[in-house]
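Note that the working numbering has the sequence shown beginning at 1194, numbered continuously upward.
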Amino acid sequence: MAAKKKAAPKQAAKLADAKALVAELKRHGSPTYKVDMSARFGMVTKAPVLGVAVGTLRAIAKRIGYDHVLAEELWATGIHDARMLATMVDDPADVTPAQMERWVKDMDNWGIVDTACFHYWDRSPHAFAKIEKWSKSKDEFVKRAAFALLASCALHKQGTDEQMLRGLELIKREASDPRNFVKKAANWALRAIGGKKSPKLRAAARELAEQLASSDDATERWNGKDALRAFAKGDK
């Protein structure tokens, strides 16, 4: 007999937990790390930043475990560090398409995008629908989310060969986008798909990289040549 799902804690308790966690995050905040976020890592955000190291956030997330309601409350604080923690404690099984749309529209830096995609969105049943939709977005970070999510799915063995081949079509279509955070995510996805064990995917990714490397477009050339270098290094 299937195990019964535990009843969700009361909403009031979740709010109290979220407030306590924000207080904890403030205690862990570092002015130095806050500066490093933008100066060293290029993570610039309009959201309030406490400066909590990612390692500390992961340790807190491990202690908490999955908690979808708490994740929503942490996200609602609007604090960057709390939102990073939210992506680490939310349950992929509970995330909805509407929630993904709400959250991605709030994202304004590569760190929060990549953390959400790599930590749990790639295990959502809605991942490939969002990749398809977001790849057409005019917003730089929404579009980054499409390709960061595609890369995460490839690296974490999510999706079929057919879905990955469609991903290569999306990369080809958008490979000329010169915006830094888009082109690097598209390149990441191309390299991730090309690194899979499937001979079909490896061949298709290398063929696309060759096409891009010989393009007249500078961004496409960069994408193709960088991927080919990565493939050559991985084949040694």
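The beta-carbon is built from N, C-alpha and C at its ideal position, and this holds for glycine as well.
Predicted model only: the values in this text are computed from it and were never measured.
Sequence-distant partners of Met-1236 (beyond 5 residues in either direction) whose C-beta falls short of 6 Å from its own C-beta, in its chain, are Met-1230, Asn-1302, Gly-1304. From the listed residues Leu-1214, Ala-1264, Arg-1395, Trp-1327, the smallest Cα separation to Glu-1355 is found for Arg-1395. With the rule of 3 Cβ pairs closer than 8 Å, the region 1328–1335 does not count as touching the region 1344–1351. For Lys-1389, no alpha helix (DSSP H) encloses it, and the DSSP letter there is neither H nor E. A Cβ-Cβ separation of about 7 Å places Leu-1214 in contact with Leu-1267 under the 8 Å criterion.
Put simply, the region 1287–1295 does not touch the region 1270–1278. Fewer than three CB pairs are less than 8 Å apart. Annotation for Asn-1380: Asn-1416, Asp-1419, Ala-1420 place their beta carbon closer than 7 Å to its own, counting only its chain and skipping 5 residues before and after.
Closest in alpha carbon position to Ala-1338, among Arg-1316, Pro-1241, Asp-1210, Val-1297, is Val-1297. DSSP places Thr-1308 inside the alpha helix (DSSP H), whose first and last residues are 1303–1312. Per DSSP, reduced to three states, the secondary structure at Lys-1239 is coil, with no helix or strand assignment. Judged by DSSP in its simplified three-state form, Val-1297 adopts helix. Between Trp-1314 and Ala-1211, the alpha-carbon positions lie close to 21 Å from each other. Taking every protein chain shown into account, the CB of Phe-1234 has fewer than 16 other CB atoms within 10 angstroms, so this residue is exposed. In this structure Gly-1248 is exposed. Its beta-carbon is surrounded by fewer than 16 other beta-carbon atoms within 10 angstroms.
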